[in-house]
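**Q** My questions will all concern the structure given below.
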Amino acid sequence: MTFRGKIKTGKLKDAFESVSRLVHEIKLNVDENGFQSKSVDPANVAMAMLEISKDAFEEFELDESMTLGLDLDRMDDILSVASKDDDMLIRTEDGSKLEINVSGFDYSISLLDPSTIQQEPQVPDLDLPVDLVINGSKFRNAIRATEKISDYVILSAEDDRFTISAEGDSDSVSIPMSGEELVRMECSENSRSLFSLEYLSDMSKSIGKVSEANIRLGTDYPVKIKFKLYEGVVLEYLLAPRIESE
Amino acid sequence: MTFRGKIKTGKLKDAFESVSRLVHEIKLNVDENGFQSKSVDPANVAMAMLEISKDAFEEFELDESMTLGLDLDRMDDILSVASKDDDMLIRTEDGSKLEINVSGFDYSISLLDPSTIQQEPQVPDLDLPVDLVINGSKFRNAIRATEKISDYVILSAEDDRFTISAEGDSDSVSIPMSGEELVRMECSENSRSLFSLEYLSDMSKSIGKVSEANIRLGTDYPVKIKFKLYEGVVLEYLLAPRIESE
Amino acid sequence: MTFRGKIKTGKLKDAFESVSRLVHEIKLNVDENGFQSKSVDPANVAMAMLEISKDAFEEFELDESMTLGLDLDRMDDILSVASKDDDMLIRTEDGSKLEINVSGFDYSISLLDPSTIQQEPQVPDLDLPVDLVINGSKFRNAIRATEKISDYVILSAEDDRFTISAEGDSDSVSIPMSGEELVRMECSENSRSLFSLEYLSDMSKSIGKVSEANIRLGTDYPVKIKFKLYEGVVLEYLLAPRIESE
Numbered sequence: 018m019t020f021r022g023k024i025k026t027g028k029l030k031d032a033f034e035s036v037s038r039l040v041h042e043i044k045l046n047v048d049e050n051g052f053q054s055k056s057v058d059p060a061n062v063a064m065a066m067l068e069i070s071k072d073a074f075e076e077f078e079l080d081e082s083m084t085l086g087l088d089l090d091r092m093d094d095i096l097s098v099a100s101k102d103d104d105m106l107i108r109t110e111d112g113s114k115l116e117i118n119v120s121g122f123d124y125s126i127s128l129l130d131p132s133t134i135q136q137e138p139q140v141p142d143l144d145l146p147v148d149l150v151i152n153g154s155k156f157r158n159a160i161r162a163t164e165k166i167s168d169y170v171i172l173s174a175e176d177d178r179f180t181i182s183a184e185g186d187s188d189s190v191s192i193p194m195s196g197e198e199l200v201r202m203e204c205s206e207n208s209r210s211l212f213s214l215e216y217l218s219d220m221s222k223s224i225g226k227v228s229e230a231n232i233r234l235g236t237d238y239p240v241k242i243k244f245k246l247y248e249g250v251v252l253e254y255l256l257a258p259r260i261e262s263e
Numbered sequence: 018m019t020f021r022g023k024i025k026t027g028k029l030k031d032a033f034e035s036v037s038r039l040v041h042e043i044k045l046n047v048d049e050n051g052f053q054s055k056s057v058d059p060a061n062v063a064m065a066m067l068e069i070s071k072d073a074f075e076e077f078e079l080d081e082s083m084t085l086g087l088d089l090d091r092m093d094d095i096l097s098v099a100s101k102d103d104d105m106l107i108r109t110e111d112g113s114k115l116e117i118n119v120s121g122f123d124y125s126i127s128l129l130d131p132s133t134i135q136q137e138p139q140v141p142d143l144d145l146p147v148d149l150v151i152n153g154s155k156f157r158n159a160i161r162a163t164e165k166i167s168d169y170v171i172l173s174a175e176d177d178r179f180t181i182s183a184e185g186d187s188d189s190v191s192i193p194m195s196g197e198e199l200v201r202m203e204c205s206e207n208s209r210s211l212f213s214l215e216y217l218s219d220m221s222k223s224i225g226k227v228s229e230a231n232i233r234l235g236t237d238y239p240v241k242i243k244f245k246l247y248e249g250v251v252l253e254y255l256l257a258p259r260i261e262s263e
Numbered sequence: 018m019t020f021r022g023k024i025k026t027g028k029l030k031d032a033f034e035s036v037s038r039l040v041h042e043i044k045l046n047v048d049e050n051g052f053q054s055k056s057v058d059p060a061n062v063a064m065a066m067l068e069i070s071k072d073a074f075e076e077f078e079l080d081e082s083m084t085l086g087l088d089l090d091r092m093d094d095i096l097s098v099a100s101k102d103d104d105m106l107i108r109t110e111d112g113s114k115l116e117i118n119v120s121g122f123d124y125s126i127s128l129l130d131p132s133t134i135q136q137e138p139q140v141p142d143l144d145l146p147v148d149l150v151i152n153g154s155k156f157r158n159a160i161r162a163t164e165k166i167s168d169y170v171i172l173s174a175e176d177d178r179f180t181i182s183a184e185g186d187s188d189s190v191s192i193p194m195s196g197e198e199l200v201r202m203e204c205s206e207n208s209r210s211l212f213s214l215e216y217l218s219d220m221s222k223s224i225g226k227v228s229e230a231n232i233r234l235g236t237d238y239p240v241k242i243k244f245k246l247y248e249g250v251v252l253e254y255l256l257a258p259r260i261e262s263e
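Protein chains in written order, with my numbering: chain R, 18 to 263; chain U, 18 to 263; chain B, 18 to 263.
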């Protein structure tokens, strides 16, 4: 049971950082398609699904599928010392130790026992009526504006208009977007859901790094936000709604 | 009773920030000349007088003079999300709500009841014997140097020399300026006053942004510091002296 | 007893900052060769030897050797207000006051009574078998990587290879360097010593600023790290080893 791969440091760094906004330990499945991981936060409110395809690696050798237990904080410690464009060599013989070579630094890291890490969640199969693509940085800025007003944000869609808004005790903000302000938008049913900014603010830090993020939305349904960090490195968040009090 | 104006975000941001170094809530008078506000800090030691002339606006429509109650911290929350060069549209119908549109964000902000905000101070009419103009950043740097030495700063003028100085228990610093180090200086009577750095340090953060600040000074009299943040946006601070112990 | 000197602010700033990583008050000897200071940290684990030769000054006038008592934190307060390239004039008449003129600011600083400052240490005369030169920033990066793994770092040399490494409870890192990764290396005896990162991390912040640092190493012996901050401004650290537990 041996895995050996070579990949740009920045790809792993941004991918793991996006997941670490929800959880600190993950089960990382390694198979002939690449890396794949599904995590749910401790409060069961949000999920992060990560896929790093084999093609995102410069070299990828595997003799047998395996599941690795990763401490994301420790990985970030290591990845933050290297530059994004540095090649990183990673290798494990038995799934208990990870050998990492980057920028002339040789690390040997103990992997976690995957059985001690939270079970992978069942990702619900949702058919959501709103499907749009927005610039990540525009999304991030709108979320930052709502943070000043409330602890909750409303994502809503009406015809060809997507609106991010928040209502505070005395103040409110609304950021409507349509036409060229969005990359594309399909809305088969007007929709509106409320979400906790505690989660969405953190997520938006990763979303803000990409030029295009795909948002799928319903009414009082979870929102799905999917984005490509690099070619072959895809992250999807799923966030449960809060029910609006009347 | 309706006001509607359009102005660059940076003008309001820098103007309100300068006032917020002393107070957090202001009465903003809106009349046919523009915006005007006078505030005194809670300890009655310092005043800030702000004028934003109608000409500083790109559009300015008013049917009746009014006084608005503004929470400056909330305004800063909103203004900080936009870029300085973004146009900001502001509108109020009745003085209870302010509608702000900037960078595609629509805000609705509750205004404060002006009667709950501290009375506007009587600004003393002072005839001060020293009148000079100094580069704002030079002033800011000198104040920063005195902060390391004492909690008080001495502003003094003798003939054609203006001196910013501080005396600590064992150390002292003196920054004399004359000739080309000042933009201009008139001194009809040698003067010297002591001021609390707690106030002057904060004020100097705004003063440091302008190329020219006008300082008027006497002996054991308040200092007046007046500067133009933008064409038509003028701020004047007045700071009471501390009496030097012998 | 008068000293008068003129020197670039940056030279004094970087020199004193390097020493202040170990101690906050120093005896500064001033003689016809320039400035010289030897300090040991309160726990007697590390020493800093500083030499600023007369040639590093633009002007240097002295009628009699003297020892000045300097508060490095206060010096840093003053030096941080000026720019690195500003000329600084320093003068003392009697060793009790230091007059500093920089960027138009006149400081008068009380000097400490040198007899109240810790005795200068005896610097041991060590004949260490490893003598190498490394890029300062490469050294700093390697030390930063070890900080994530342990509180201790191992410096070792074997033949033509110098290795910086750390062993944590479950993880380890090793940064081997040889050939062109080092400026030069002589190793008359394979060596290995363990050091506290509490000290070496701080030191590496100053070492990271230079292109070449000279490291001399033995087995369970102090390490000596010597580097030139500017022409004529030389700093040497000496750090006692920790004995490795089996």
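Using N, Cα and C, we set each Cβ at its ideal position, and we do this for glycine too.
1. Taking the CB atoms as reference points, tell me whether R:R157 and U:V98 lie closer together than 8 Å.
2. What is the DSSP secondary structure of U:T14, reduced to helix, strand or coil?
3. Tell me, to the nearest whole angstrom, how far the beta carbon of U:K23 is from that of U:Y247; I am working on the premise that it is less than 8 Å.
4. Any beta carbon from chain R within less than 8 Å of B:A230's own beta carbon?
5. What three-state label does DSSP hand B:Y216 in the structure shown?
6. According to a CB-to-CB cut-off of less than 7 Å, which residues of the stretch 115-139 of chain B neighbour chain U?
7. Give me the chain R residues within the contact set of B:I192, using Cβ-Cβ distance strictly less than 8 Å, ordered along the chain.
8. Start and end of the beta strand (DSSP E) containing U:F156?
9. Can you give me the C-alpha to C-alpha distance between B:T163 and U:M64, rounded to a whole angstrom?
10. With a CB to CB cut of under 6 Å and the five nearest residues on each side skipped, what residues in its chain are close to B:D31?
11. Using the Cα positions of R:D94 and R:K71, report the straight-line distance between them to the nearest angstrom.
12. Please list the residues of the stretch 90-109 of chain B that have a C-beta atom closer than 8 Å to any C-beta atom in chain U, keeping them in chain order.
13. Does any residue of chain R have a CB that is nearer than 8 Å to the CB of B:A162?
14. My output table needs one value for B:K44: the three-state DSSP class, helix, strand or coil.
15. Tell me which residue opens and which closes the beta strand (DSSP E) that R:F20 is part of.
16. Any beta carbon of chain R sitting closer than 8 Å to that of B:N207?
17. Between R:D90 and R:S100, what straight-line distance do the alpha-carbon atoms span, to the nearest angstrom?
18. Strictly below 7 Å CB to CB, what residues from chain B border U:S187?
19. Tell me whether the beta-carbon of U:C204 lies closer than 8 Å to the beta-carbon of U:D176.
20. Of the residues that make up the stretch 210-244 of chain U, which ones have a beta carbon closer than 9 Å to any beta carbon in chain B?
21. So, helix, strand or coil for U:P193, using DSSP?
22. Counting only the same chain and skipping the five closest in sequence on each side, list residues whose C-beta sits under 8 Å from that of U:R201.
23. Under a CB-based cut-off of 8 Å, is B:N61 close to chain R?
24. When the cut-off is 8 Å and only beta carbons count, does U:K165 lie next to chain B?
25. Compare the Cα-Cα distances from U:V227 to each of U:K241, U:R233, U:S167 and U:L252 and report the closest residue.
26. Taking the C-alpha atoms as reference points, what is the distance between B:K222 and B:R38?
27. Quick test of your reading: R:V250 and R:L217, contact by CB under 8 Å. State the CB separation rounded to the nearest angstrom.
28. Please report the distance separating the alpha-carbon of R:V40 from that of R:E137.
29. Can you check whether the C-beta of R:N158 is within less than 8 Å of a C-beta belonging to chain U?
30. What does DSSP give as the partner residue(s) for R:K71 in the beta ladder?
31. Can you tell me the Cβ-Cβ gap for U:A174 and U:L234, rounded? I've got them flagged as a contact below 8 Å.
32. Measuring CA to CA, which of U:D142, U:N61, U:G51 and U:T109 is closest to U:R21?
33. Let me know the secondary structure DSSP gives B:R234 once reduced to three states.
34. For R:A60, which of R:L256, R:E261 and R:I260 has the nearest alpha-carbon?
35. From the DSSP output, which residues share a beta bridge with R:Q53?
36. DSSP three-state call for U:I260: helix, strand or coil?
**A** Reading it off the structure:
1. Their beta carbons are not under 8 Å apart, which means R:R157 does not touch U:V98 by this criterion.
2. No information on residue 14 of chain U is available, as it lies outside the stretch 18 to 263 that chain U covers here.
3. U:K23 to U:Y247, Cβ: 15 Å. No contact.
4. no
5. helix
6. G121, F122, D123, Y124, S125, I126 and S127
7. Within chain R, the residues whose beta carbon sits less than 8 Å from that of B:I192 are G121, F122 and D123, listed in sequence order.
8. Note, U:F156: premise wrong, no beta strand (DSSP E); alpha helix (DSSP H) at G153 to E164.
9. 54 Å
10. L246
11. 24 Å
12. R91, D94, I95 and V98
13. Interface annotation, B:A162: in contact with chain R, CB-CB separation under 8 Å.
14. strand
15. F20 to K25
16. no
17. 17 Å
18. S127
19. yes
20. none
21. strand
22. L149 and V150
23. no
24. yes
25. U:L252
26. 9 Å
27. That pair is no contact at about 21 Å.
28. 12 Å
29. yes
30. Beta-bridge partners assigned by DSSP to R:K71: none are found.
31. 6 Å
32. The residue with the shortest Cα to Cα distance from U:R21 is U:T109.
33. Reading off the sequence, residue 234 of chain B comes out as Leu, not Arg. Reduced to three states, the DSSP call for B:L234 is strand.
34. R:L256
35. R:N46 and R:E68
36. coil
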